[in-house]
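Numbering (the working numbering), first residue to last: 36 to 166.
By construction, the Cβ of each residue, glycine as well, lies at the ideal position given by its N, Cα and C atoms.
To keep things clear, I will list the structure first and then write my remarks on it.
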Amino acid sequence: MLAYIYPLLGAFLTILWFCLFFIWIWLLFIVFIDIFRSHDMGGFAKALWVIFLIFLPMIGVLVYLIARGGSMHERAVQRAQQQEQAFRGYVQQAAAPTGTADQLSKLADLKERGVITDAEFEAEKAKVLAS
Numbered sequence: 036m037l038a039y040i041y042p043l044l045g046a047f048l049t050i051l052w053f054c055l056f057f058i059w060i061w062l063l064f065i066v067f068i069d070i071f072r073s074h075d076m077g078g079f080a081k082a083l084w085v086i087f088l089i090f091l092p093m094i095g096v097l098v099y100l101i102a103r104g105g106s107m108h109e110r111a112v113q114r115a116q117q118q119e120q121a122f123r124g125y126v127q128q129a130a131a132p133t134g135t136a137d138q139l140s141k142l143a144d145l146k147e148r149g150v151i152t153d154a155e156f157e158a159e160k161a162k163v164l165a166s
């Protein structure tokens, strides 16, 4: 009733309801993603959760957040750590010298710039050629 007397209040309430609806949809997607990424649930349990969420979405999301909300965070952290490890492994693989010739050319470049001495160059060269 007040929203019709004060049009600015009506606009505020419309924006508020839109934001709440957006948050609701976001939570629903997060819960669905967590259900399907969860390795500690079997297929039957996942199917029951999905059916529960489809037929009673409001109650289903709230019950899921109460029942499994704490473990959602743990699984998200674990996935982030796995992704970080995979990324670091990829970067190390991509940044690593690909062959003996590359390593020797980098050593020669370091020697020419005066970063390493002749003795260090020979020692590193022997290591590279031995491997």
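Measuring alpha carbon to alpha carbon, tell me which residue in the options is nearest residue i.
i	options	result
Glu155	Leu142, Ala165 and Ser166	Leu142
Leu139	Ala161, Phe47 and Met93	Ala161
Ile60	Ala80, Met76, Ile89 and Gly78	Ile89
Asp69	Val163, Cys54, Arg110 and Ala136	Arg110
Can you tell me the Cα-Cα spacing of residue i and residue j, whole angstroms?
i	j	result
Phe122	Leu43	49 Å
Met107	Thr49	31 Å
Val112	Gln128	24 Å
Lys81	Phe87	10 Å
Leu164	Ser73	47 Å
Phe64	Leu91	15 Å
Phe57	Phe47	15 Å
Cys54	Gln118	31 Å
Met76	Gln116	21 Å
Thr135	Arg114	36 Å
Ala158	Gly104	56 Å
Gln120	Ala130	15 Å
Gly45	Leu83	40 Å
Leaving aside the five residues before and after residue i along the sequence, list all residues of the same chain whose C-beta is less than 8 Å from its C-beta, in chain order.
i	result
Val150	none
Can you give the beta carbon distance from residue i to residue j, rounded, assuming they're within the 8 Å contact cut?
i	j	result
Val96	Leu62	6 Å
Val66	Tyr99	5 Å
Among residues of its own chain, excluding the 5 on either side of residue i, which ones have a beta-carbon nearer than 6 Å to its beta-carbon?
i	result
Lys146	Phe156
Ile94	none
With a CB to CB cut of under 7 Å and the five nearest residues on each side skipped, what residues in its chain are close to residue i?
i	result
Ile101	none
Identify every run of the alpha helix (DSSP H) within the region 61 to 130, keeping only runs that are complete inside it and at least 4 residues long; order them along the chain.
You should have 78 to 90 and 92 to 130.
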